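Below is one structure, written out as structure tokens, with a few remarks after it.
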Amino acid sequence: MSAVSTGLRVALFAACYNDTMWPGTPIATVKLLERLGVKVEFPRRQTCCGQIFTNTGYAAEALPLVRGFVETFAAYDAVVAPTGSCVGAIRHQHHELAAASGDAELTAAVDAVSPKVYDLSEYLVDVLGVTDVGAYFPHRVTFHPTCHSVRVAGVGDRPQQLLKAVRGLTFVDLPRQEECCGFGGTFSVKNPDVSIAMATDKVRHVRETGAEVLVAGDNMCLMNMGSVLARQRAGVRVMHLAEVLASTEEDPA
82 MSAVSTGLRV ALFAACYNDT MWPGTPIATV KLLERLGVKV EFPRRQTCCG QIFTNTGYAA
142 EALPLVRGFV ETFAAYDAVV APTGSCVGAI RHQHHELAAA SGDAELTAAV DAVSPKVYDL
202 SEYLVDVLGV TDVGAYFPHR VTFHPTCHSV RVAGVGDRPQ QLLKAVRGLT FVDLPRQEEC
262 CGFGGTFSVK NPDVSIAMAT DKVRHVRETG AEVLVAGDNM CLMNMGSVLA RQRAGVRVMH
322 LAEVLASTEE DPA
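If you read the sequence shown in my numbering, its first letter stands for residue 82, the second for the next number, and so on.
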């Protein structure tokens with residue numbers, strides 16, 4: 082692994098739930114990118130992307146967040162986020178909300194900013210052109226491709242490419258990985274019994290792999306599955322992709 086510098090102005094979009102509940106993930110993202118020679122800025126004006134409002138039918142309430150997002154990040158060449166879910170919402174929902182509002186200026190601003198927003202795995206593989214990020218993580222790992230990251234953001238197998246290049250890591254495919262973990266944003270609140278049943282099915286497959294660590298690119302999905310793993314005392318940790326890639330545990334060899 083060699084340092085890569087793009088010379089571009091890069092911003093971190095932490096995502097509100099990471100900033101509030103899992104600050105270790107955006108911290109790991111910055112640590113990783115800076116190790117690769119990327120200078121990262123954190124605009125303090127950033128808030129929520131508005132997805133939770135949009136998904137529950139509150140388009141009018143989401144619109145100020147769309148406006149705030151483009152105003153905050155318009156000056157940057159790239160915006161990197163450790164959340165495929167929010168990246169998918171920004172790319173698709175922001176345009177729809179702006180267009181529906183009839184504000185042509187906002188729509189144009191959204192269309193200028195959205196293509197510059199990347200999921201962390203996309204930025205590493207597609208922009209920096211690296212899969213070996215210099216990480217060392219000597220554990221047996223399986224990966225859950227979250228629904229929004231795959232079906233909306235379209236990150237494909239980039240996270241798996243990155244994990245397979247980590248020194249010391251043993252990667253194990255997750256059976257029936259295409260199935261939802263049951264979180265689904267407000268779905269888990271409105272349909273808790275169904276959500277837990279889905280998470281329990283997913284956890285059964287995680288345990289079949291014999292993995293020590295379950296990794297994903299969205300912390301809310303990890304929370305849903307992690308709660309079941311904890312109640313079952315399965316002995317399986319959950320970690321965000323950024324935290325694994327930022328790891329440089331000393332190689333005893």
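Note that CB positions come from ideal geometry on N, CA and C, so glycine has one too.
Owing to the predicted nature of the structure, the values given are computational and were not obtained by experimental measurement.
Determine the extent of the alpha helix (DSSP H) in which residue i is found, giving its start and end residues.
i	result
Leu-114	105 to 116
Tyr-139	Element bounds for Tyr-139: n/a, residue is neither H nor E.
His-173	165 to 182
Ala-92	Element bounds for Ala-92: not the alpha helix (DSSP H) but the beta strand (DSSP E), 91 to 93.
Thr-227	Segment: none, Thr-227 is in no alpha helix (DSSP H) and carries neither H nor E.
Val-194	185 to 194
Would you kindly work out how many angstroms separate the C-alpha atoms of residue i and residue j, rounded to a whole number?
i	j	result
Asp-332	Ala-156	Residue confidence is low: Asp-332 scores 47 on pLDDT, short of 50, so the model does not pin down where it sits. No coordinate-derived value is stated.
Met-173	Arg-116	For the sequence presented, residue 173 should be read as His rather than Met. Their backbone Cα atoms lie some 31 Å apart in a straight line.
Asp-274	Ile-133	20 Å
Ser-276	Thr-212	34 Å
His-321	Ala-109	9 Å
Ala-334	Thr-188	Annotation note: pLDDT 43 at Ala-334 (below 50); position unreliable, coordinate value reported separately. Whole-angstrom Cα-Cα distance: 54 Å.
Glu-293	Glu-152	42 Å
Glu-330	Gly-266	34 Å
Ser-83	Val-214	With a pLDDT of 49 at Ser-83, under the threshold of 50, the modelled position of this residue cannot be trusted, and the question is left open.
His-286	Ala-185	47 Å
Cys-129	Val-208	25 Å
Gly-149	Gly-169	17 Å
On the DSSP bridge assignment, give the partners of residue i in chain order.
i	result
Asp-158	Its beta-bridge partners do not exist; DSSP assigns none.
His-321	Ala-297
Thr-329	Tyr-217
Glu-122	Ala-92
In terms of residues, what are the limits of the beta strand (DSSP E) holding residue i?
i	result
Arg-221	221 to 224
Tyr-217	Premise fails: Tyr-217 is in no beta strand (DSSP E) and is neither H nor E.
Tyr-199	198 to 200
- [ ] Could you tell me whether the segment 140 to 149 touches the segment 177 to 192, where touching means 3 or more Cβ pairs closer than 8 Å?
- [x] yes
ask   = Curious, which full-length beta strand (DSSP E) runs of at least 3 residues does the segment 240 to 319 contain?
value = 251 to 253, 294 to 297
- Message: Counting beta carbon pairs with one atom in the segment 192 to 208 and one in the segment 253 to 260, are three or more of them shorter than 8 Å?
- Response: no
Contact the segment 237 to 245 vs the segment 306 to 316: 3+ CB pairs below 8 Å: no
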